[in-house]
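Q: Quick note, the sequences are listed as chains A and B, same order.
Under this note's numbering, read the first sequence as residues 1 to 272, first letter to last.
Under this note's numbering, read the second sequence as residues 273 to 520, first letter to last.
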Amino acid sequence: MNLSQHDGNIITVSGLTKKFKDFTAVDNISFNVKKGEVFAFLGPNGAGKSTTIKILTTLLKPSGGKLMINGNDPAKNKDAVRKSFGIVFQDPSLDSDLTALENMQYHAVLYKVPKEVREKRIEELLRFVELWDRKNDMVKTFSGGMKRRLEVARGLLHHPGIMFLDEPTLGLDPQTRNHIWNYLLEICEKENMTVFFTTHYMAEAEKVADRIAIIDHGRIVAMGSLNELEKQTGTNSLEEAFIAITGSTIREEQVNGVTRMRAMHRMFEGKK
Amino acid sequence: MSTIYILWLRQVKKYFRTPSRIVGSLGQPLLFLLVFGFGLGSVFQQAGQGDYIQFLSPGIIMMSVLFTALFSGIDLIWDRQFGFLKETMVAPVPRWHIMFGQALGGATVASFQGLIVFLLSLIIGFRVVDPLLLPVAVLIIFIVAMLFAALGISIASLLEDMQGFQLIMNFLVMPIFFLSGAFFPLEGLPKALEVITRIDPLTYGIDGLRHVLSGSGTFGMGLDLLIIVVIAALVLGVGSYLFERIQA
Chain A
1 MNLSQHDGNI
11 ITVSGLTKKF
21 KDFTAVDNIS
31 FNVKKGEVFA
41 FLGPNGAGKS
51 TTIKILTTLL
61 KPSGGKLMIN
71 GNDPAKNKDA
81 VRKSFGIVFQ
91 DPSLDSDLTA
101 LENMQYHAVL
111 YKVPKEVREK
121 RIEELLRFVE
131 LWDRKNDMVK
141 TFSGGMKRRL
151 EVARGLLHHP
161 GIMFLDEPTL
171 GLDPQTRNHI
181 WNYLLEICEK
191 ENMTVFFTTH
201 YMAEAEKVAD
211 RIAIIDHGRI
221 VAMGSLNELE
231 KQTGTNSLEE
241 AFIAITGSTI
251 REEQVNGVTR
261 MRAMHRMFEG
271 KK
Chain B
273 MSTIYILWLR
283 QVKKYFRTPS
293 RIVGSLGQPL
303 LFLLVFGFGL
313 GSVFQQAGQG
323 DYIQFLSPGI
333 IMMSVLFTAL
343 FSGIDLIWDR
353 QFGFLKETMV
363 APVPRWHIMF
373 GQALGGATVA
383 SFQGLIVFLL
393 SLIIGFRVVD
403 PLLLPVAVLI
413 IFIVAMLFAA
423 LGISIASLLE
433 DMQGFQLIMN
443 FLVMPIFFLS
453 GAFFPLEGLP
463 KALEVITRID
473 PLTYGIDGLR
483 HVLSGSGTFG
493 MGLDLLIIVV
503 IAALVLGVGS
513 YLFERIQA
């Protein structure tokens, strides 16, 4: 047995830092997420949320700090970490020229879901997100909400221990948002899955999250349950607490700064 | 293995689902076959080189293989733009399996395209010297397809956008094609041109195919095969390395 399972933490982050040249996107953050917990990771635009998710999901290498995901260090055992989580990205990531079923099968093969359970699990999940009737339709004919539901189903396909969701309900109507969370919470319960998500909908985080961390300028500025955050700021909603903690300035320039740094970083990498 | 298979399957499926793409990309090779085949045929014959269709067809078959294979690298850029690449990149599979599956898919599609052009050339009057050698022809086509599919992916690994890819492709495709001896015999060339044709890997692909289909070729069959196999392996290696470094 390893450490992270002993103390009940499925994600352990300590001193995590990510620098793009001289810009620090994530600045020495530490937190733990317990197994089975629904953990909200909030912050204004450009605060470092997506960068953190990218590091946790092995898409970016950290500049410093220690990480444990489901008992494995992503730097040392990438594939074991990758197997242990499902992810719904901020932007769509389906192949729209394949059918819903084919997108699921592709995922099942990449994640080596055994043949015996593959078909059953796919059917179960497609029924679960109410897309079984459309399984043979091209994804390009799907609405935004259907695509998101399919991505959620796909992320759950290989029985992940952790589900990462980067603004999973962005641009969806309240009905679809509710549906998606109902699916996720049900699976959480049933399969003892952990959820790590970001969102800009405070009401959503208020409703589903067991614990909330707020990140700003690459640093974690507050962490705790809804009650704790409200008490700490003397407010009575997460939205108010969020603004009390992170201020009310608009962060447009921050986003541009980060995007520019990332673009420069990529250009530089490409030339080397 | 299953990773390579599913990536291959995805590309082949998508290819056969767009018949318009298949038919559309036959226009150019057909035009070249007809215009050059019949237009230059009499000059070629008068120069004592024999039937031009016999000479030209292997070159045009390889042209469509080259175009389709190299441009299959664009699928990677589409995947990146539409976000699907991330799904593949976080999967617990070795990157080189992905690269290999992608190249195999592109090469299969390109080989198929080459075979259609081969059938078209038969209609125009191309005659195969020894039908028993057809499997060897398919093998040569496939190796060349693999070489250029891997090259396309390598280039796509370095680029983020469509425009850049198109630009580089245009700089590559035409020289590779025109300097390969698809149109002209490889003997008696000016020294500079002779050197360049011998650097172009497509030269050996076309020469090999000419050996097998038309019974005439400049270099030895063994040399042709050796060179395209070695270069294909090299490009696959480089491609895997570049693919490894992609940040999704």
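Built from N, CA and C at the ideal position, the CB exists for glycine as well.
Taking 7 Å as the threshold (beta carbon to beta carbon), is E516/B in contact with chain A?
A: Cβ-Cβ to chain A under 7 Å: no for E516/B.
Q: If the cut-off is 9 Å on Cβ atoms, which residues from the stretch 295-309 of chain B count as contacting chain A, listed in chain order?
A: Within the stretch 295-309 of chain B, no residue has a Cβ that lies closer than 9 Å to any Cβ of chain A.
Q: So that I know if they touch, is there some Cβ in chain B lying closer than 7 Å to that of D166/A?
A: Taking Cβ atoms only, chain B never reaches closer than 7 Å to D166/A, which makes this a no.
Q: According to the Cβ coordinates, are S344/B and G424/B closer than 7 Å?
A: Result yes, Cβ atoms of S344/B and G424/B sit closer than 7 Å.
Q: In the DSSP assignment, find the beta strand (DSSP E) that holds G65/A and state where it starts and stops.
A: First-last of the beta strand (DSSP E) with G65/A: 64-69.
Q: Name, please, each residue of chain A whose Cβ falls closer than 8 Å to the Cβ of M361/B.
A: Those are L59, listed as they occur along chain A.
Q: State the beta-bridge partners of K34/A as determined by DSSP.
A: DSSP, once it has assigned bridges, lists N9/A as partnering K34/A.
Q: Of all the beta strand (DSSP E) runs that stay within the bounds of the stretch 113-161 of chain A, which reach a length of 3 or more residues?
A: None, since the stretch 113-161 of chain A contains no complete beta strand (DSSP E) of that length.
Q: Helix, strand or coil: which one does DSSP assign to R523/B?
A: Not covered by the structure: residue 523/B. The range shown for chain B is 273 to 520.
Q: To the nearest angstrom, report how far apart L508/B and A341/B are at their CA atoms.
A: Their Cα atoms are separated by approximately 13 Å.
Q: Using DSSP's beta-bridge definition, name the partner residues of L508/B.
A: According to DSSP, which records beta bridges pairwise, L508/B is partnered with nothing at all.
Q: Would you say the stretch 241-252 of chain A touches the stretch 45-60 of chain A, given that touching needs at least three Cβ pairs under 8 Å?
A: Touching, yes.
Q: Cβ of P291/B less than 7 Å from any chain A Cβ?
A: It does not; no Cβ of chain A falls within 7 Å.
Q: What does G86/A pair with, by DSSP beta-bridge criteria?
A: DSSP lists M163/A as partners of G86/A.
Q: Give the single residue among S314/B, V381/B, V445/B, Q353/B whose Cα lies nearest to the Cα of S291/B.
A: At residue 291/B the sequence reads Pro, which differs from the Ser that was named. Here the closest residue by C-alpha is V381/B.
Q: Tell me, please, whether the CB atom of V365/B is closer than 7 Å to any CB atom in chain A?
A: Output row for V365/B: interface = yes.
Q: Of the choices L125/A, P174/A, T141/A, whose alpha-carbon is the least far from that of E151/A?
A: When each option's Cα is compared against that of E151/A, the closest is L125/A.
Q: Check the Cβ of V275/A against every Cβ in chain B and list those closer than 8 Å, keeping chain order.
A: Residue numbering for chain A in the displayed model covers 1 to 272; residue 275/A lies beyond these limits and cannot be assessed.
Q: Do you know how far the Cα of R482/B is from the Cα of E516/B?
A: About 37 Å.
Q: Does any C-beta atom of chain B lie closer than 7 Å to the C-beta of D97/A?
A: True, the Cβ-Cβ gap to chain B drops below 7 Å.
Q: At least one CB of chain B closer than 7 Å to the CB of D79/A: is that the case?
A: Interface residue, yes.
Q: What are the boundary residues of the beta strand (DSSP E) that M193/A is part of?
A: Per DSSP, M193/A belongs to no beta strand (DSSP E) and is neither H nor E.
Q: What's the gap between the Cα of G331/B and the Cα of G377/B?
A: Whole-angstrom Cα-Cα distance: 22 Å.
Q: If we count the other Cβ atoms within 10 Å of its Cβ and call it buried at 16 or more, is A75/A buried or exposed?
A: The residue is exposed, with fewer than 16 neighbouring Cβ atoms inside 10 Å.
Q: So with CB distances below 9 Å, who are the chain A contacts of S274/B?
A: Within 9 Å Cβ-Cβ: V109, L110, K112.
Q: CB-CB under 7 Å to G397/B, same chain, minus the five flanking residues each way: which ones, in chain order?
A: Taken in chain order, the residues that qualify are I325.
Q: Can F85/A and P160/A be called in contact, C-beta distance under 7 Å?
A: In contact: F85/A and P160/A (Cβ atoms closer than 7 Å).
Q: Give me the Cα-Cα distance between K35/A and I10/A, rounded to the nearest whole angstrom.
A: Their backbone Cα atoms lie some 5 Å apart in a straight line.
Q: Once DSSP output is grouped into helix, strand and coil, what is the label at M273/B?
A: Three-state result, M273/B: coil.
Q: For a contact meaning CB atoms closer than 8 Å, what does R282/B contact in chain A?
A: Ordered by position in chain A, the residues that pass the 8 Å Cβ test against R282/B are D95, L98, E102, Y106.
Q: Using a C-beta cutoff of 7 Å, does R82/A count as contacting chain B?
A: Output row for R82/A: interface = yes.
Q: Helix, strand or coil for L458/B? Go by DSSP, reduced to three states.
A: Here L458/B sits in coil by DSSP.
Q: Please tell me whether F89/A has its Cβ less than 7 Å away from any Cβ of chain B.
A: For F89/A, the answer is yes, since a Cβ of chain B falls inside 7 Å of its Cβ.
Q: Mind checking if G460/B is an interface residue toward chain A, Cβ cutoff 7 Å exclusive?
A: No, its Cβ sits nowhere closer than 7 Å to a Cβ of chain A.
Q: For M335/B, is the classification buried or exposed, using 16 other Cβ atoms within 10 angstroms of its Cβ as the cut-off for buried?
A: M335/B is buried by the Cβ-count criterion.
Q: Does the separation of the CB atoms of V81/A and T52/A fall below 7 Å?
A: No, Cβ-Cβ distance for V81/A and T52/A is not below 7 Å.
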